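Q: Going line by line, the protein sequences match chains A and B.
Mapping the first sequence onto this note's numbering, position 125 (from 1) lands on 125, and the numbers just tick up by one.
Count along the second sequence starting at 1, add 1000, and that's the number in this note's numbering.
I have a structure I would like to understand better, so I am pasting it below and will then ask my questions one at a time.
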Amino acid sequence: MKAEFDPIAGKSAVIIETIMSSPDIPSDPGLEFKIRLCVEEVVENIVSYAYENGAGFVEVGTELQDNTLIISFRDSGVKFNPLLKGDPDITLSAEERQIGGLGIFLCKQMMDDLRYVYNDGCNNLYMMKRIS
Amino acid sequence: MEVTINQNENKFDVVLVGRLDTTNADQFQKDIEPLMQGEKPEITLDCSAMEYTSSQGLRMFLMLQKSVNSRGGSMVMTGMSPQVKEVFDITGFSNIIRII
């Protein structure tokens, strides 16, 4: 599945639902839950931060390679590698914990692999999840 | 996310129903305003019908827990589904919020 949205302002919900209704997404509720969570975190980041006022595009895709689901995101917004963001310290107390910084950390934990490539002026993020 | 709050003095029984994500986190923040006031609140959040929370939802629960701690109160979340519980476990929130 491939789909493009332009502009993306205010379109988080439809982008998320487009990805989640792809036939490549497994129907197992536990897996579906994890994938939805990660998709939402990434889509929200792109819609909120990639472009000023969401005035730009995102291309999303899903494919199955062997037993691995690959979900891809491409935008031409601000160059940003989310994988370089430091992980939150999950041992801190409530008072010490910062509010935020959890989205990409959840993706790292719940997916099997995340890859980021910047080329042709675009951010490309790939999330991999093994489907057994 | 539907939020129902039953208050008896400083005791709050709260029932959370549905999904908590970016689309409704702002509304949720407004809905839980009664929980953000008063001394020594004792809050129980019934999560048995909470289907989903994203990191936006986690932010809200952390904010609430910090507020409760600063007012000398207590908070517990009950009946969480295994999937939602896993989100709390992975992020270390199980260590800072009491879940039974």
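Glycine included, every Cβ here is placed at the ideal spot set by N, Cα and C.
These figures come from a predicted structure and were not determined experimentally.
Based on the DSSP output, what are the partners of residue 1053 of chain B in its beta bridges?
A: Working through the second sequence from its first residue, we reach residue 1053 of chain B at position 53. Residue 1053 of chain B is bridged to B:1020.
Q: Any chance the segment 58 to 70 of chain A sits against the segment 87 to 99 of chain A, with 3 or more Cβ pairs inside 8 Å?
A: Contact fails: fewer than three Cβ-Cβ distances are below 8 Å.
Q: Please confirm if the segment 1017 to 1033 of chain B is in contact with the segment 123 to 130 of chain A, defined as three or more CB-CB distances below 8 Å between the two stretches.
A: In short, these stretches do not touch, since the Cβ pair count stays below three.
Q: Since residue 1077 of chain B contacts residue 1047 of chain B with CB under 8 Å, what's their CB separation in whole angstroms?
A: Position 77 of the second sequence, counted from the first residue, corresponds to residue 1077 of chain B. Position 47 of the second sequence, counted from the first residue, corresponds to residue 1047 of chain B. Contact flag correct, Cβ pair sits at about 5 Å.
Q: Since residue 1087 of chain B is in the alpha helix (DSSP H), which residue starts that stretch and which ends it?
A: By 1-based counting over the second sequence, the position of residue 1087 of chain B is 87. That run of the alpha helix (DSSP H) goes 1082 to 1090.
Q: Output the boundary residues of the alpha helix (DSSP H) element that contains residue 1026 of chain B.
A: Indexing the second sequence from 1 puts residue 1026 of chain B at position 26. Counting along the chain, the alpha helix (DSSP H) containing residue 1026 of chain B begins and ends at 1025 to 1031.
Q: Can you tell which of B:1039, B:1033 and B:1019 has its C-alpha closest to the C-alpha of residue 156 of chain A?
A: The structure shown has nothing for residue 156 of chain A, since chain A only spans 1 to 132.
Q: Is residue 13 of chain A close to chain B, meaning its C-beta is less than 8 Å from at least one C-beta of that chain?
A: The residue you call residue 13 of chain A lines up with position 13 of the first sequence. Interface residue, yes.
Q: When Cβ atoms are compared, which residues of the segment 25 to 45 of chain A fall closer than 7 Å to chain D?
A: This model lacks chain D altogether; the protein chains it does include are A and B.
Q: What are the boundary residues of the alpha helix (DSSP H) that residue 25 of chain A is part of?
A: Looking up residue 25 of chain A in the first sequence gives position 25. That residue, residue 25 of chain A, is in no alpha helix (DSSP H); it is neither H nor E in DSSP.
Q: Using three-state DSSP, classify residue 1075 of chain B as helix, strand or coil.
A: To locate residue 1075 of chain B, count along the second sequence from 1; it is residue 75. Residue state, collapsed to three classes: strand.
Q: DSSP on residue 76 of chain A, reduced to helix/strand/coil?
A: As a position in the first sequence, residue 76 of chain A is number 76, starting the count at 1. Coil at residue 76 of chain A, not helix or strand.
Q: Going by C-alpha distance, which of B:1083, B:1040, B:1036 and B:1082 is nearest residue 1062 of chain B?
A: Here residue 1062 of chain B corresponds to residue number 62 of the second sequence, with the count starting at 1. The shortest C-alpha separation from residue 1062 of chain B is found at B:1036.
Q: So residue 1060 of chain B and residue 1016 of chain B are supposed to be a Cβ contact under 8 Å. How far apart are they, rounded?
A: Numbered from its first residue, the second sequence carries residue 1060 of chain B at position 60. Numbered from its first residue, the second sequence carries residue 1016 of chain B at position 16. Wrong, their Cβ atoms sit about 11 Å apart, outside the cutoff.
Q: Specify, as a first and last residue, the run of the beta strand (DSSP E) that residue 129 of chain A falls within.
A: For the purposes of this step, residue 129 of chain A is identified with residue 129 of the first sequence, where counting begins at 1. Segment 122 to 130, the beta strand (DSSP E) holding residue 129 of chain A.
Q: Near residue 15 of chain A, which residues of its chain fall below 6 Å by C-beta distance, leaving aside the five closest residues on each side in sequence?
A: On the first sequence, residue 15 of chain A is found 15 positions in, with the first residue counted as 1. Here the set comprises 5 and 43.
Q: What residues from chain A crowd round residue 1087 of chain B, counting only those whose CB sits closer than 8 Å?
A: Looking up residue 1087 of chain B in the second sequence gives position 87. Near residue 1087 of chain B (Cβ distances below 8 Å), the residues of chain A are 37 and 106.
Q: Any chance the CB of residue 78 of chain A is under 7 Å from a heavy atom of the ligand FAD?
A: Among the components of this structure there are no ligands whatsoever, and the ligand FAD is therefore not found.
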